[in-house]
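Some notes on the structure that comes next.
2 protein chains.
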Amino acid sequence: MNFQSYFPIWSKLTVPQQTRILTGLTERSVQKGALLHNGSADCTGLLLIRSGQLRAYILSDEGREITVYRLFDRDLCLFSASCMLRSVQFDITIEAEKDTELWIIPTELYQQLMEESAPVANYTNEIMAARFSEVMWLMEQILWKSLDKRVAAFLLEESAIEGGSLLKLTHETIANHLGTHREVITRMLRYFQGEGMVRLARGSVELLDRKSLELLRDA
Amino acid sequence: MNFQSYFPIWSKLTVPQQTRILTGLTERSVQKGALLHNGSADCTGLLLIRSGQLRAYILSDEGREITVYRLFDRDLCLFSASCMLRSVQFDITIEAEKDTELWIIPTELYQQLMEESAPVANYTNEIMAARFSEVMWLMEQILWKSLDKRVAAFLLEESAIEGGSLLKLTHETIANHLGTHREVITRMLRYFQGEGMVRLARGSVELLDRKSLELLRDA
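These protein sequences, in sequence, are chains E and Z.
Sequential numbering from 17 applies to the first sequence in the numbering used here.
Sequential numbering from 17 applies to the second sequence in the numbering used here.
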């Protein structure tokens with residue numbers, strides 16, 4: 017599988033545009049934990065994920081984190097090239113959550129394509145709208161959902177991503193995904209454990225009663 | 017002043033495109049309080065504000081509100097035509113906060129222009145990125161800022177919009193802007209009043225000590 021089959025609007029580009037993109041492209045492998053983009057400090061370029069998993073998060077002045085969205089195979093990461101959009105005025109950090117293979121499309125190259133090609137501009141629009149929807153969903157969660165539901169939803173989502181019930185996660189990591197403090201997560205997980213929903217061990221959470229977690233999430 | 021001078025990329029449209037837009041356009045006057053768009057229930061079209069003020073907000077299942085952003089003269093409201101973007105999966109309600117004069121661009125018409133014209137698609141992109149930035153700002157406020165700072169910031173913003181210190185606002189209205197309960201706002205405003213920062217009366221809040229409110233906001 018090559019770039020062409022991963023880039024959904026490939027066939028809508030002209031042949032010279034296709035050539036420019038293939039010439040400008042670089043391939044990269046990054047390890048789990050690698051920082052790919054750091055707020056407004058850099059303008060890395062657009063990242064197209066071949067395989068792996070990225071996490072986009074924001075940081076408070078005090079160093080607290082919250083995961084804004086995640087990117088998986090075939091996803092295009094736009095905000096690592098946010099300098100190309102004048103109106104983007106927030107800083108997102110992007111790190112690899114798993115070992116990841118990706119293509120980098122240079123910002124200026126993509127920007128030129130966007131300016132000359134309506135399909136590229138509209139594709140970019142759809143991606144932004146999708147991320148926007150994820151952020152709105154997250155905001156609704158933060159505003160109207162209690163933390164127990166959010167922790168239950170997070171554990172079930174993790175389990176779906178990992179394809180198993182034993183999750184290698186520290187309380188700190190969960191707190192950083194959900195924008196809260198470690199102590200708060202520890203208390204919540206102990207409550208879940210008391211209810212028989214999970215089993216806690218050093219650096220892991222095992223889901224024991226998926227049904228109850230789902231009931232809690234959907235309540 | 018006519019539509020042409022309010023639509024920033026007018027000169028980037030072809031003459032036939034300009035004709036189509038002028039033919040499809042409707043003008044409307046709405047009164048303060050009018051509901052212009054109601055979540056996914058309708059696809060009103062794009063709204064270009066000639067004069068006035070709109071508020072975009074989301075609603076919880078229990079009927080709680082939070083203001084997501086506001087639109088002023090010359091702003092284009094995209095999400096009243098969110099049906100044109102497949103990836104938009106959230107419901108925004110839009111109401112007139114003041115008597116408002118606006119133009120409505122039919123959704124299908126705009127969508128066609130977007131598909132054929134890179135400038136229109138890129139302009140749409142910039143607007144979405146600007147709204148995205150406002151939402152990210154709001155999320156950071158909700159996550160990391162305490163409510164006293166948010167109330168102070170809201171009062172100062174209102175005062176800047178209205179151009180005066182006497183704000184005609186109920187506690188319920190402030191709560192609906194900030195996504196919280198009336199009782200919480202009442203308590204906070206009484207605290208502000210005790211500190212000499214505001215004077216409360218039925219249906220109004222008067223800013224007495226702008227400096228202290230600014231210090232609180234920026235702390």
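Where is the CB? At the ideal position from N, CA and C, for every residue including glycine.
Check: Within-9 Å CB hit, ALA137/Z to chain E; Outcome: yes
Check: Residue-level contact to chain E via CB, MET213/Z, 9 Å cutoff; Outcome: no
Check: is_contact[MET130/E, chain Z] using C-beta, thresh 9 Å; Outcome: yes
Check: Spatial neighbours of ASP91/E in its chain, beta-carbon cut-off 6 Å, leaving aside the 5 residues before and after; Outcome: ILE65
Check: C-beta neighbour in chain E for ASP77/Z, strict 9 Å; Outcome: yes
Check: Option nearest ALA112/Z by Cα separation, candidates GLU124/Z, TYR126/Z, PRO122/Z, SER96/Z; Outcome: SER96/Z
Check: Buried versus exposed call for THR140/Z [16 or more other C-beta atoms within 10 Å across all chains shown]; Outcome: buried
Check: Residues of its chain near LYS187/E, where Cβ-Cβ distance is below 6 Å and the 5 sequence neighbours each way are ignored; Outcome: Reading off the sequence, residue 187/E comes out as His, not Lys. Counting only Cβ-Cβ distances below 6 Å, and skipping sequence neighbours, we find ARG198, ILE201, THR202.
Check: Cutoff 6 Å; reference THR83/Z; Cβ partners in own chain excluding five residues on either side; Outcome: ARG71, TYR73, HIS193
Check: Interface flag, LEU154/Z vs chain E, CB-CB below 9 Å; Outcome: yes
Check: Residue closest to LYS165/E, alpha-carbon to alpha-carbon, out of SER149/E, LEU231/E, LEU38/E; Outcome: LEU231/E
Check: Closest by C-alpha distance to GLY255/Z, when choosing among SER76/Z, ILE37/Z, CYS93/Z, ILE110/Z; Outcome: Only positions 17 to 235 of chain Z appear in this structure, which leaves residue 255/Z out of reach.
Check: Within-9 Å CB hit, LEU101/E to chain Z; Outcome: yes
Check: PHE19/E vs LEU52/E beta-carbon contact at 9 Å; Outcome: no
Check: Backbone secondary structure at THR116/E - three-state DSSP; Outcome: strand
Check: As assigned by DSSP and simplified to three states, the class of ASP93/E; Outcome: The sequence shown places Cys at residue 93/E, rather than the Asp named in the question. Note: CYS93/E maps to strand in three-state DSSP.
Check: Cβ of ARG66/E within 9 Å of any chain Z Cβ; Outcome: no
Check: The stretch 144-156 of chain E contacting the stretch 145-163 of chain Z, beta-carbon criterion three pairs below 8 Å; Outcome: yes
Check: Any C-beta of chain E under 9 Å from that of GLU106/Z; Outcome: Per the sequence presented here, residue 106/Z reads as Phe, with Glu not at that position. Interface residue, yes.
Check: Below-9 Å beta-carbon distance, THR109/E vs any chain Z residue; Outcome: no
Check: Proximity to CYS59/E [Cα-Cα], best of THR196/E, TYR126/E, MET144/E, ARG206/E; Outcome: TYR126/E
Check: Best match in GLY219/Z, LEU154/Z, LEU172/Z for proximity to GLY195/Z [C-alpha to C-alpha]; Outcome: LEU154/Z
Check: Sequence-distant residues of its chain with Cβ nearer than 6 Å to GLU81/E (five each side left out); Outcome: TYR73, LEU75, ASN192
Check: With 16 other Cβ atoms within 10 Å as the buried cut-off, status of ALA235/Z; Outcome: exposed
Check: Alpha-carbon spacing of GLU94/E relative to SER220/Z, whole angstroms; Outcome: Correcting the residue type first, residue 94/E is Leu in the shown sequence and not Glu. Taking the straight line joining both Cα atoms gives about 44 Å.
Check: Minimum Cβ-Cβ distance from THR84/E to chain Z less than 9 Å; Outcome: Correcting the residue type first, residue 84/E is Val in the shown sequence and not Thr. Yes, its Cβ sits closer than 9 Å to a Cβ of chain Z.
Check: Rounded Cβ spacing between ARG236/Z and LEU118/Z (contact assumed at less than 8 Å); Outcome: Residue numbering for chain Z in the displayed model covers 17 to 235; residue 236/Z lies beyond these limits and cannot be assessed.
Check: Residues bridged to ALA217/Z (per DSSP); Outcome: SER220/Z
Check: Interface partners of ASN141/Z on chain E, CB under 8 Å; Outcome: LEU101, MET130, ALA137, THR140, ASN141, MET144
Check: Euclidean distance between Cα positions of ASN138/Z and SER67/E; Outcome: 29 Å
Check: Within-9 Å CB hit, TRP160/Z to chain E; Outcome: yes
Check: Enclosing alpha helix (DSSP H) for ARG80/Z [first to last residue]; Outcome: Here ARG80/Z belongs to no alpha helix (DSSP H), and DSSP marks it neither H nor E.
Check: Residue-level contact to chain Z via CB, VAL200/E, 9 Å cutoff; Outcome: no
Check: Under 8 Å by beta carbon: chain E residues contacting ARG80/Z; Outcome: LEU159, TRP160
Check: Sub-9 Å separation of GLY61/Z and ILE108/Z beta-carbons; Outcome: no
Check: Collapsed DSSP secondary structure at HIS53/Z in the structure displayed; Outcome: strand
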